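First comes the structure, then the notes that go with it.
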Amino acid sequence: MTTTCRIVVLISGSGSNLQAIIDAIDTKQIPAEIVAVISNKAEAYGLQRAASANIATQVLPYAGFTDRQEYDQALMACINQYQPDLIILAGFMRILSNELVHHYPGRMLNIHPSLLPKYKGLNTHQRVLEAGEKEHGATVHFVTPELDSGPIILQGKIPILKTDNEQQLTQHIHKLEHQIYPQAVMWFAQGRLHLSGNTVLLDQHPITPQQQIYTQSITGQLSNN
Ligand code: NHR
Ligand code: GAR
């Protein structure tokens, strides 16, 4: 990217992933500018985080629209005002229509709290614990129309401790997300990350498992081999 990457972030809640990206931009790790934060929930705490960072905010609640298609038209119009190079879903809780997704090919990222393709959808931490899994994680992927199924960019893995309850596991996953999401956004903003069909390219070559998978040790250290 020759100019600074313009990013629009979509949120529905706390926005801790948004904060991690704001911080990485502030410390010049990511050559980008967040030009707007859009929330479908007026009470989302992430809106305050954006305002504190002098980022424009928009609230677009679903109430008032008759169907998904109409809502997504309005959302697209809202996004397009800001002419973004990249759209980031950071805890955005509404499924997006094919039409909206197709409008931004290879330019929309999501972070999902599981080791995709396992545990698509909602309530992942609870389901992972109930299944007695030994490990869990988070995945950054390109958004495609099919939910949580787009090509994978990065994954972070953690062991599940015998003592972990849902709240602790959620906290551990959040910490992991705050490391891997800025990394993926950095690659995109540097112009190193592309989607070619269903293949993720890093520096023009298909991304390798070594580059994709980070494992966090008990001490919190992330490493990729
Ligand atoms: N849209 C498309 N087309 N593709 C993806 O991969 C998407 C997406 C929209 C959001 C995030 C996703 C996640 O990471 C995401 C990925 C919401 C739901 C959901 O069921 C599921 C997955 C994700 C986000 N939403 C309900 C709905 O009817 C509403 C639930 C609620 O409001 O609490 O939209 O997990
Ligand atoms: C994150 O854990 C993200 O993976 C998850 O919501 C949380 C948002 O936290 N996303 C989904 O579940 C999408 N369906 P945040 O608002 O503090 O960034």
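Counting along the sequence shown from 1, when you hit position 139 you're at 133 in the numbering used here, and nothing is skipped either side. By construction, the Cβ of each residue, glycine as well, lies at the ideal position given by its N, Cα and C atoms. On a predicted model such as this, the values are computed, not experimentally measured, just so you know.
State buried or exposed for S241, treating a residue as buried only when at least 16 other CB atoms are found within 10 Å of its CB.
-> In this structure the chain extends from -5 to 219, so residue 241 is not present and cannot be described.
Stretch pair the stretch 140 to 155 + the stretch 168 to 186: three plus CB contacts closer than 8 Å | yes
Where do the ends of the beta strand (DSSP E) carrying Y208 lie?
-> Along the sequence shown, one-based indexing puts residue 208 at 214. Unbroken beta strand (DSSP E) run through Y208: I207 to Q210.
Evaluate Q206 with the Cβ neighbour count: other Cβ atoms within 10 Å of its Cβ, from every protein chain shown; 16 or more gives buried, anything less gives exposed.
-> Here the question's residue 206 lines up with position 212 in the sequence shown. Buried.
Under 8 Å, do V95 and V29 count as touching if we go by C-beta distance?
-> On the sequence shown, position 101 is the one that residue 95 refers to. On the sequence shown, position 35 is the one that residue 29 refers to. Cβ distance not < 8 Å, so V95 and V29 don't count as in contact.
What are the start and end residues of each continuous alpha helix (DSSP H) run of 4 or more residues lying completely inside the stretch 27 to 58, in chain order?
-> 39 to 46
K169: first and last residue of the uninterrupted beta strand (DSSP E) it sits in | Indexing the sequence shown from 1 puts residue 169 at position 175. It is not in any beta strand (DSSP E) - K169 instead sits in the alpha helix (DSSP H) that spans E160 to A183.
CB-CB under 6 Å to V179, same chain, minus the five flanking residues each way: which ones, in chain order?
-> As a first step, residue 179 must be located in the sequence shown, where it is residue number 185. Result list for V179: I15 and I24, in chain order.
Is the beta carbon of A57 within less than 7 Å of some heavy atom of the ligand GAR?
-> In the sequence shown, the residue the question calls residue 57 occupies position 63. No; taking the cut-off as 7 Å, the Cβ of A57 has no heavy atom of the ligand GAR nearer than that.
Is S8 near the ligand GAR, going by C-beta to nearest heavy atom under 7 Å?
-> Indexing the sequence shown from 1 puts residue 8 at position 14. Correct: S8 has its Cβ closer than 7 Å to the ligand GAR.
Could you check the C-alpha separation between D197 and L187 for me, to the nearest Å?
-> What you label residue 197 is simply residue 203 of the sequence shown in a count that begins at 1. What you label residue 187 is simply residue 193 of the sequence shown in a count that begins at 1. Each residue's alpha carbon lies about 7 Å from the other.
Specify whether the stretch 131 to 146 and the stretch 154 to 161 touch according to this definition: at least 3 beta carbon pairs, one from each stretch, less than 8 Å apart.
-> With the cut-off at 8 Å, the stretch 131 to 146 and the stretch 154 to 161 do not touch.
From which residue to which residue does the alpha helix (DSSP H) around E140 run?
-> Here residue 140 is taken as the residue at index 146 of the sequence shown, counted from 1. E140 -> no alpha helix (DSSP H), and no H or E assigned at all.
So, using beta-carbon positions, are L83 and L141 closer together than 8 Å?
-> As a working mapping, residue 83 is identified with position 89 in the sequence shown. As a working mapping, residue 141 is identified with position 147 in the sequence shown. Their beta carbons are not under 8 Å apart, which means L83 does not touch L141 by this criterion.
Contact between the stretch -3 to 11 and the stretch 74 to 82: three or more CB pairs below 8 Å?
-> yes
Using 8 Å as the threshold, is the stretch 7 to 14 in touch with the stretch 33 to 45, meaning 3 or more CB pairs across them?
-> yes
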